[in-house]
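Notes follow the structure.
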């Protein structure tokens, strides 16, 4: 199920691939990127991150497990791979994790109350 959802999201975001990256980024260029939190929250969506970046051909190391608290400026994950692959997956991955972590963070606030 997760695989299908990620496949659909990637197809919706870039139905013909990332045309800009294909035109402007040489094929041999590699990229390392860090997913850094802007503010405090609860991590959710690690499996989605893994699925997105595996599907596009990049590798990812998750530094914060689902359910764990994180602080602003904390690195949640690191991605490495062909620049075109990282750029293709980053928007979809961020959209999912921002939504899921937002829900987890809000839920924790209700539970605490």
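In the numbering used here, the protein residues as written are 462 to 574. Ideal placement from N, C-alpha and C gives every residue a C-beta, glycine not left out. Being a predicted model, the structure only gives us computed values, none of them experimental.
Please work out which residues of its chain come closer than 6 Å, Cβ to Cβ, to residue i, disregarding the five sequence neighbours upstream and downstream, and give them in chain order.
i, result
"residue 513", "467, 550, 553, 554"
"residue 545", "482, 486"
"residue 490", "544"
With a Cβ-Cβ cutoff of 8 Å, do residue i and residue j count as a contact?
i, j, result
"residue 538", "residue 564", "no"
"residue 561", "residue 509", "yes"
"residue 479", "residue 507", "no"
Which residue's Cα is closest to the Cα of residue i: the options?
i, options, result
"residue 498", "559, 573, 535, 547", "535"
"residue 571", "547, 527, 503, 531", "503"
"residue 531", "546, 500, 559, 543", "500"
"residue 474", "548, 567, 566", "548"
"residue 523", "545, 483, 495", "495"
"residue 540", "489, 493, 533", "493"
"residue 488", "542, 567, 558", "542"
"residue 557", "476, 465, 470", "470"
"residue 505", "528, 484, 574", "528"
From which residue to which residue does the alpha helix (DSSP H) around residue i run?
i, result
"residue 479", "Segment: none, residue 479 is in no alpha helix (DSSP H) and carries neither H nor E."
"residue 462", "Taken as a continuous stretch (DSSP letters only), residue 462 belongs to no alpha helix (DSSP H), as it is neither H nor E."
"residue 451", "Limits of the chain in this structure are 462 at one end and 574 at the other, which puts residue 451 out of reach."
"residue 509", "507-517"
Would you mind reading off the limits of the beta strand (DSSP E) that contains residue i?
i, result
"residue 533", "Counting along the chain, residue 533 falls outside any beta strand (DSSP E), and DSSP gives it neither H nor E."
"residue 491", "491-497"
"residue 486", "From DSSP, residue 486 is part of no beta strand (DSSP E); its letter is neither H nor E."
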